[in-house]
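Residue numbers (our numbering): 41 to 551.
Printed below as a string of structure tokens:
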């Protein structure tokens, strides 16, 4: 952010304009390094206050202000702005609040709740449109517009959607895999991913023109409360290009004042990324769209986090009702969209699949067929060699192994890969094998059990390592008193190329 020269200059000019127009008392909310407070002081504001909740950043701001000879000119508070009170912490209501508490999704750092509190408790009454600043309150940034676009992007697709039905012989189509950003969860910080779309590997394809998703007036308490209410707005967007419906992306134009604005569009070089809303859970043929198709989506801000949710896709020609919508009211247009959605929805119906939430990197790995097939080949080769050695059996002239019932004991296979892994199921299909999984989350255990049943793998062929640990006082007993693990499987390399130290430690314990 500090390296974003354009951002800094725009904020500096907007703050200078406000101070020169009569704003004498300034509160910097979420000051960070203190740069916006120092802009206000340098512009001539006689009373500047700043608050910062993070102890680390509070200490940094103290040092930065001291280095710029401003420690006595700015009152720095180590507290959340919602806890600031007049006159306990600042002597009076202020005429200007400056803040840059915005993320890629605009509202994710709490700017809506922060400004609602500020207008009610810390700011002077709003400045009329053409009035002088003196005696009134205002906010920098003054407002914003959020824009969206429908996008085809292979990299986002492989990280947020399973597009294979079978992985190295294991059928996975009975489970609905989803990334965290798609699931409504109280403990989820952001209902979207973030990407610098101009730098996404493999690029992306815009399937629609940019559309206005939402506007926000930070100088209007009424508008802020409207956003905070979470009210949904339904939007229809016409598809312009053929492709796969992978996600919606959004960016914003931040209006600091009437003269200075910042855009976070994909074409702009800024410190902000774009917000990404992956589209999931359509039937396989539901993602493909053609020019003329209409995508209906809902825009809302539940818990003051921006959300874009797909409602349905109306295929070209399907919405031809013979009625012109030019003179429709918003209510009747929404009613029409609802009716069309119920008739022409492309959402999957029928059997409800079990939900399993995976991290994006785990979804990408599950989509990697070559990876799993390579592991299957390697495990199969080792199991075949161990089977021949331990049972004294040989392949017949056709290369086939003796029947499983000839083997006395199973081979014990332990998978200590990090996170969700179906490698134990792949191993369990390769002969008389008892697989042990090291997955930790109950949801993932349930998914493996469900997939085991779907693939006709007996319950006795799959165990969970952590269950064994709990049953034996955190010491994993050998599967049998006279037998060690036959095979240990581990995925030891991070996608970035680093060694997974925790997996190495697991492996060392297992060995």
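Think of the CB as a built atom: it goes at the ideal place given N, C-alpha and C, for glycine as much as any other residue.
Unbroken alpha helix (DSSP H) run spanning residue i, endpoints
i: residue 333; result: Looking at the DSSP string, residue 333 is not in any alpha helix (DSSP H), and its letter there is neither H nor E.
i: residue 485; result: 482 to 494
i: residue 50; result: 45 to 60
i: residue 266; result: 261 to 268
i: residue 547; result: 541 to 550
i: residue 401; result: 400 to 406
i: residue 464; result: 463 to 468
Minimum C-alpha distance to residue i - residue among the options
i: residue 189; options: 221, 219, 278; result: 278
i: residue 118; options: 500, 153, 69; result: 69
i: residue 402; options: 428, 459, 253; result: 459
i: residue 547; options: 538, 486, 478; result: 478
i: residue 63; options: 85, 420, 71, 46; result: 85
i: residue 113; options: 121, 74, 529; result: 74
i: residue 129; options: 135, 116, 269; result: 116
i: residue 328; options: 168, 197, 400, 537; result: 197
i: residue 291; options: 266, 237, 322; result: 237
i: residue 552; options: 480, 506, 428, 417; result: Because the chain in this structure spans residues 41 to 551, residue 552 falls outside the shown range and cannot be described.
i: residue 163; options: 134, 492, 182; result: 134
i: residue 461; options: 288, 474, 398, 120; result: 398
i: residue 407; options: 102, 194, 60; result: 194
i: residue 132; options: 87, 169, 99; result: 87
i: residue 325; options: 285, 101, 306, 51; result: 285
Host beta strand (DSSP E) of residue i (start-end)
i: residue 347; result: 347 to 354
i: residue 451; result: 451 to 455
i: residue 556; result: The first residue shown for the chain is 41 and the last is 551, placing residue 556 beyond what the model contains.
i: residue 273; result: 273 to 278
i: residue 500; result: Neither: residue 500 is in no beta strand (DSSP E) and is coded neither H nor E.
i: residue 473; result: 473 to 477
Nearest-angstrom Cα separation, counted from residue j out to residue i
i: residue 449; j: residue 423; result: 13 Å
i: residue 149; j: residue 230; result: 10 Å
i: residue 48; j: residue 82; result: 14 Å
i: residue 500; j: residue 488; result: 13 Å
i: residue 309; j: residue 404; result: 28 Å
i: residue 490; j: residue 426; result: 29 Å
i: residue 90; j: residue 66; result: 8 Å
i: residue 186; j: residue 104; result: 33 Å
i: residue 157; j: residue 220; result: 30 Å
i: residue 243; j: residue 312; result: 18 Å
i: residue 551; j: residue 209; result: 28 Å
i: residue 531; j: residue 455; result: 9 Å
i: residue 474; j: residue 495; result: 15 Å
i: residue 463; j: residue 412; result: 7 Å
i: residue 323; j: residue 252; result: 28 Å
i: residue 44; j: residue 354; result: 41 Å
Residues near residue i by beta carbon distance below 6 Å, same chain, minus five either side
i: residue 145; result: 232, 315, 346
i: residue 159; result: 261
i: residue 264; result: 152, 155, 156
i: residue 282; result: 330
i: residue 471; result: 423
Neighbourhood of residue i by C-beta, 7 Å cutoff - its chain only, sequence neighbours within 5 removed
i: residue 393; result: 214, 215, 216
i: residue 395; result: 216, 218
i: residue 192; result: 244, 245, 247, 283, 284, 286
8 Å CB neighbourhood of residue i in its chain, flanking five on each side removed
i: residue 108; result: 78
i: residue 166; result: 159, 176, 177, 178, 259, 260, 261
i: residue 280; result: 246, 247, 248, 249, 331
heavy atom of the ligand COA below 7 Å from residue i C-beta
i: residue 254; result: Judged by which ligands are present, the structure shown has none, so any question about the ligand COA falls away.
In chain order, which alpha helix (DSSP H) runs of at least 4 residues are fully inside the stretch 81 to 129?
95 to 107, all fully within the stretch 81 to 129.
Let me know the beta strand (DSSP E) ranges lying completely inside the stretch 121 to 181, each 3 residues or longer, listed in chain order.
Qualifying beta strand (DSSP E) stretches, in chain order: 136 to 139, 178 to 180.
Could you tell me which uninterrupted alpha helix (DSSP H) segments, each at least 4 residues in length, are contained entirely in the stretch 190 to 257, listed from first to last along the chain?
Segments of the alpha helix (DSSP H) lying fully in the stretch 190 to 257: 194 to 200.
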